[in-house]
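Read in this note's numbering, the sequence shown has 1149 at position 448, and its numbers run on one by one without any break. Cβ coordinates follow ideal geometry from the N, Cα and C atoms, glycine included. Predicted model, so just to flag it, every value in this text is computed and none were measured. The next block holds one structure in the form of structure tokens; read it before the comments.
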Amino acid sequence: MKRRTILKAGALLPLLAAPRIAAAQGQRVLKFIPQSDLAVLDPIFTTAYVTRNHGYLVFDTLYGQDAQFKAQPQMVEGAVTEADGKLWKLTLRPGLKFHDGTPVLARDCVASLQRWGKRDAFGQALMAATDELSAADDRTIMFRLKKPFPLLPDALGKTGSNVPVIMPERLAKTDAFTQVTEMVGSGPFRFKADERVAGSRVVYERFADYQPRQGAASFTAGGKVANFDRVEWNVIPDSATAAAAMQNGEMDWWENPPGDLLPLLKRSGKLNVTVQDQTGFLGYMRPNFLFPPFDNLAFRRALLGAVNQADFMEAAAGEDTSLWHTPVGAFCPSSPMANTVGMGALSDKPDMAKVRQAVKDSGYKGEKVVVMGAVDFPIINAIVNVGVDMMQKAGVNVDYQAVDWGTVVQRRSKKDPPDKGGWNVFFTYWSGLDNFNPAVDLALRGNGDGGWFGWPVMPKLENLRTQWFDAPDEAAQKRICGEMQQVVFDDVPFYPLGQLYQTTAFKKELSGVLDGFVLFWNVKRGA
């Protein structure tokens, strides 16, 4: 897409310079452009990354993950295991407080983990292996397990959605399928509900009573030192306007500028434009298995033949092939679990006449396929447009509905028929960290109503996942992952669309920006 509106966007900048709260002036405010509006606040209710990123500002976790993706104690002071690995005792650091001034207690953690364990794939596996999760005293969390679960710290320190954030027991008692709307955490920043403007602005304030862990920050582990008094998220859906705001110094940091604007941003000389997350992101087209035509295996397989991953990645990341990679299967290419099993199902030159015939032969009757767009989310909007064109060329009757990402995030949880406010297809992408292995990959589930949006029932996937947890070594795990990937190409729980590397852009005067997704501790102005 050409960005001929750049100059025109400059005229829109006065909109960004509306009167600000006095405290927001000066060097202690970080002005940030997020990937999209923050439509859902609860990081347990949704897997949306914008909500995950918000969650890390407000909440803390028992374990973090360092730059080498190893679990490290965070809120936890230490842990001991007994009974041949079937009893874990986790001790909280002393003095931890929630934003409402109440102490963080073990019972808050127990309730939070129980709620998380109902929504998250890794959490579900941990809870299935747990006989009892309890608070032995105010600082001791106790897991009594049915069998050893050596990945317990990895589960409690996972960084992909859904993150096991800790909130007060009174909030954590909320049903896991109902949104928590009161944001009280114990993280380095407080959520300013009174300053939130839906679709425009989200504000966070440094929590004075936060106690960073000792040591240097390393991804989500170590000392989370907040160097800004305020972090202001400014939602700017139009990329041209966002680019102009960055060039003119109105904003400090833009989470995900689209690929076609990178040369412009680099030429400014004032910005660092870099790939922040070397694990990249994997694109997905996710169908709804509850309604025709995607409840039909023959139809799903027929449409797989239309997928050209390079088309999706070029649209999302531009012509620079260093910013994307194909072909990609079910796992992040840099993961030990990545393999090539079944990859012959993908083609860089789909035979669309053959695909149209296969779609017709599948029994497809021309039903409307409701596709939810994401017009305010440039990368997802780009892959949606390619997907709509692909399906139309395959003979599918597409009902494209242009909505914003916040609407997609809320609507995809609905199980209503597509013609009554439901949906057939949405597009998204997952961090490579969320595709590292079956423990964290929500799309590699076949657990129906208990699973991720789309709700496929695929017992073979579930059985293989159980085998993976019980595998004796990495070689056995990788073999099982090959079998799981074959199921993906045979039964099509989702359509893999390739891997892209997202760039981020921030002022050169900022230092301490950590690798990975956007994190707001450790960042400061100057060296």
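According to DSSP, simplified to helix, strand and coil, what is residue i?
i                  : result
valine 941         : For the record, residue 941 in the displayed sequence is alanine; it is not valine. The answer is helix: DSSP assigns alanine 941 an H, G or I state.
lysine 1209        : coil
tryptophan 1025    : strand
alanine 1103       : coil
valine 1219        : coil
glycine 1227       : coil
leucine 1198       : strand
valine 926         : coil
leucine 983        : strand
glutamate 1257     : There is no way to answer for residue 1257, as the model of the chain reaches only from 702 to 1228.
alanine 718        : Residue confidence is low: alanine 718 scores 45 on pLDDT, short of 50, so the model does not pin down where it sits. No coordinate-derived value is stated.
tyrosine 911       : coil
asparagine 1009    : coil
glutamine 726      : Low confidence applies to glutamine 726: its pLDDT is 49, below 50, so where it sits in the model is not reliable enough to give any reading.
asparagine 1098    : strand
isoleucine 867     : coil
glutamine 815      : helix
alanine 712        : In this predicted model, alanine 712 has a pLDDT of only 38, less than 50, meaning its place in the structure is not dependable enough to derive any value.
glycine 1088       : helix
lysine 1121        : helix
phenylalanine 1032 : coil
valine 1214        : coil
glutamate 906      : strand
asparagine 670     : Summary: the structure shown does not reach residue 670, with the chain confined to residues 702 through 1228, and so no result is reported for it.
State yes or no: is the C-beta of residue i within less than 9 Å of the C-beta of residue j?
i                  : j               : result
alanine 922        : arginine 914    : yes
isoleucine 734     : tryptophan 817  : no
arginine 753       : valine 885      : no
aspartate 978      : leucine 1211    : no
lysine 1069        : asparagine 1125 : yes
proline 1006       : lysine 1061     : It should be noted that the sequence gives glycine, not proline, for residue 1006. Taking 9 Å as the Cβ cut-off, glycine 1006 and lysine 1061 do not qualify as a contacting pair.
valine 1029        : proline 795     : no
glycine 984        : glycine 1217    : no
glycine 960        : threonine 748   : no
phenylalanine 1013 : alanine 1083    : yes
phenylalanine 1078 : alanine 1144    : no
leucine 1201       : alanine 1018    : yes
aspartate 1105     : valine 1072     : no
methionine 1185    : alanine 1031    : yes
glutamine 736      : tyrosine 757    : no
phenylalanine 850  : glycine 765     : no
alanine 780        : threonine 762   : no
alanine 927        : isoleucine 937  : no
arginine 820       : alanine 877     : yes
methionine 1044    : glutamine 1178  : no
Per DSSP, residue i forms a beta bridge with which residues?
i              : result
arginine 845   : Leu788, Glu833
arginine 968   : DSSP, once it has assigned bridges, lists no residue as partnering arginine 968.
glutamate 783  : Leu788
proline 854    : Partner(s): none; proline 854 has no beta bridge.
lysine 798     : Pro804
leucine 731    : Val932
tryptophan 955 : Ile734, Ala1206
leucine 793    : Val777
glutamine 948  : For glutamine 948, which the question treats as bridged, DSSP gives no partner whatsoever.
tyrosine 1130  : Gly984
Kindly indicate which residue of the options has the alpha-carbon position closest to the one of residue i.
i                 : options                            : result
lysine 967        : Leu1198, Arg1002, Ala944           : Ala944
phenylalanine 992 : Val1089, Gly1149, Pro1118          : Pro1118
proline 683       : Ser1063, Arg820, Val811            : Any answer about residue 683 is impossible in this case: the structure gives the chain only from 702 up to 1228.
leucine 742       : Phe844, Leu872, Ala822             : Leu872
serine 919        : Ala1177, Phe770, Val759            : Phe770
aspartate 855     : Ala1031, Asn1138, Lys1094          : Asn1138
glutamine 1010    : Ala1046, Ala1039, Pro988           : Ala1046
glutamine 815     : Met843, Thr782, Leu788, Ser940     : Met843
serine 969        : Gly950, Glu956, Phe982             : Gly950
aspartate 939     : Asp1174, Trp955, Glu933            : Trp955
alanine 830       : Gly1183, Thr1167, Ala1206, Gln1186 : Thr1167
glutamate 870     : Arg891, Leu758, Gly861, Leu806     : Leu806
serine 1132       : Gln1102, Asn1164, Ser1036, Val1076 : Ser1036
glycine 861       : Ala1140, Val730, Gly1123, Pro889   : Ala1140
methionine 1092   : Ala1039, Arg1112, Phe1127, Val1076 : Phe1127
lysine 1209       : Leu739, Arg1226, Leu1215, Pro958   : Arg1226
leucine 788       : Gln825, Thr841, Val866             : Thr841
valine 1110       : Lys1094, Arg902, Gly1074, Asp1052  : Gly1074
alanine 899       : Asp839, Ala999, Leu739, Phe799     : Leu739
arginine 907      : Gly1088, Val1076, Lys925, Arg897   : Lys925
alanine 1176      : Lys893, Asn1040, Gln912            : Asn1040
valine 1224       : Phe929, Leu1024, Cys1182, Pro964   : Phe929
When the cut-off is 9 Å and only beta carbons count, does residue i lie next to chain B?
i             : result
threonine 942 : Any reference to chain B falls outside this structure, which holds one protein chain only.
Contact between the segment 829 to 839 and the segment 757 to 776: three or more CB pairs below 8 Å? no
Is the segment 1185 to 1195 in contact with the segment 1144 to 1158, if contact means three or more CB pairs nearer than 8 Å? Three or more pairs of CB atoms, one per stretch, sit closer than 8 Å, so the segment 1185 to 1195 contacts the segment 1144 to 1158.
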